[in-house]
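Colleague:
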Amino acid sequence: MTTQITPGPARVHVRTTINGNPHEFLVPPYMSLLDTLREIVGLTGTKEGCLDGNCGACTVSLDGRIVDSCLVLGAEIDGKSVETVEGMATPEGLHPLQQAFLEEAALQCGICTPGFLVAAKGLLDNEPAPDEHR
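For the sequence shown, the working numbering assigns the number -15 to the initial residue and increments by one for each residue that follows.
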């Protein structure tokens, strides 16, 4: 999917894959990945919390690594793969983690939930049977 943006001075051309779909757009060099996802790509599931990397509300997966999207520049995702909470469910239904959160009412106010889900998925993708030490 290509998002149209009027070219201007100081915009970086980005080609990336987000939730398995190719994207191409122009982004200001100072814009965070969080704002890029929400304002340019139109994916608003990733939430803004503290804006300094402490809360995890904006957690996404970048090339399989869990990152706080408020601390990554949108231009840094060129050539990389991003997974957000929107990419967890399939046409067949919710991801098992999403279903478990729903069944256990682990939603709180909802601001942190997307980040919790992406972080938990990242943990289980890398360590299918974690214990209290991992």
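C-beta: ideal position from N, C-alpha, C; glycine also. No experiment lies behind these values; they were computed from the predicted model shown.
Regarding L10 and the ligand NAD, is the C-beta to nearest heavy atom distance less than 8 Å?
Modeller: With respect to small molecules bound, the structure shown includes none, and the ligand NAD cannot be examined in it.
Colleague: Measuring only the C-alpha atoms, how far is S45 from V102?
Modeller: The residue labelled residue 45 in the question sits at position 61 within the sequence shown. The residue labelled residue 102 in the question sits at position 118 within the sequence shown. Looking at the two C-alpha atoms, the distance is approximately 7 Å.
Colleague: Just checking my contact of T30 with C42 at CB under 8 Å: how many whole Å lie between their CB atoms?
Modeller: Counted from its first residue, the sequence shown places residue 30 at position 46. Counted from its first residue, the sequence shown places residue 42 at position 58. Indeed, because the Cβ distance is near 5 Å, the residues count as touching under 8 Å.
Colleague: In or out: I95 buried (at least 16 other Cβ within 10 Å) or exposed?
Modeller: Your numbering for residue 95 matches position 111 in the sequence shown. I95 comes out exposed.
Colleague: Compare the C-alpha of T68 against each of F9, H(-3) and G106 and name the closest.
Modeller: Sequence index remark: in the sequence shown, residue 68 carries index 84 (1-based). The shortest Cα separation from T68 among F9, H(-3) and G106 belongs to G106.
Colleague: Between N5, G58 and E23, which lies nearest to V(-2) when the distance is taken from Cα to Cα?
Modeller: Here residue -2 refers to the residue found at position 14 of the sequence shown. If we check each option's Cα against that of V(-2), G58 comes out closest.
Colleague: Measure the C-alpha to C-alpha separation of G71 and I24 and round it to an integer number of angstroms.
Modeller: To locate residue 71, count along the sequence shown from 1; it is residue 87. To locate residue 24, count along the sequence shown from 1; it is residue 40. Taking the straight line from one Cα to the other gives about 17 Å.
Colleague: So the candidates are A84, Q83, L55 and E87; which of them puts its Cα closest to the Cα of S16?
Modeller: On the sequence shown, residue 16 is found 32 positions in, with the first residue counted as 1. The shortest Cα separation from S16 among A84, Q83, L55 and E87 belongs to L55.
Colleague: Which same chain residues, not among the five before or five after P12, have their C-beta less than 7 Å away from its C-beta?
Modeller: Translated into positions along the sequence shown, residue 12 becomes position 28. Here the set comprises A(-6) and R(-5).
Colleague: Please report whether the beta-carbon of C42 lies at a distance below 9 Å from any beta-carbon of chain B.
Modeller: Of the protein chains in this structure there is only one, and it is not chain B.
Colleague: Using the Cα positions of L81 and A104, report the straight-line distance between them to the nearest angstrom.
Modeller: Here the question's residue 81 lines up with position 97 in the sequence shown. Here the question's residue 104 lines up with position 120 in the sequence shown. Looking at the two C-alpha atoms, the distance is approximately 8 Å.
Colleague: Out of H117, D115 and L10, which has the shortest C-alpha to C-alpha gap to D62?
Modeller: The sequence position of residue 62 within the sequence shown is 78, counting from 1. Here the closest residue by C-alpha is L10.
Colleague: Taking its Cβ as the centre, do 16 or more other Cβ atoms sit within 10 Å of G99, making it buried, or is it exposed?
Modeller: In the sequence shown, counting from the first residue as 1, residue 99 sits at position 115. So G99 counts as buried.
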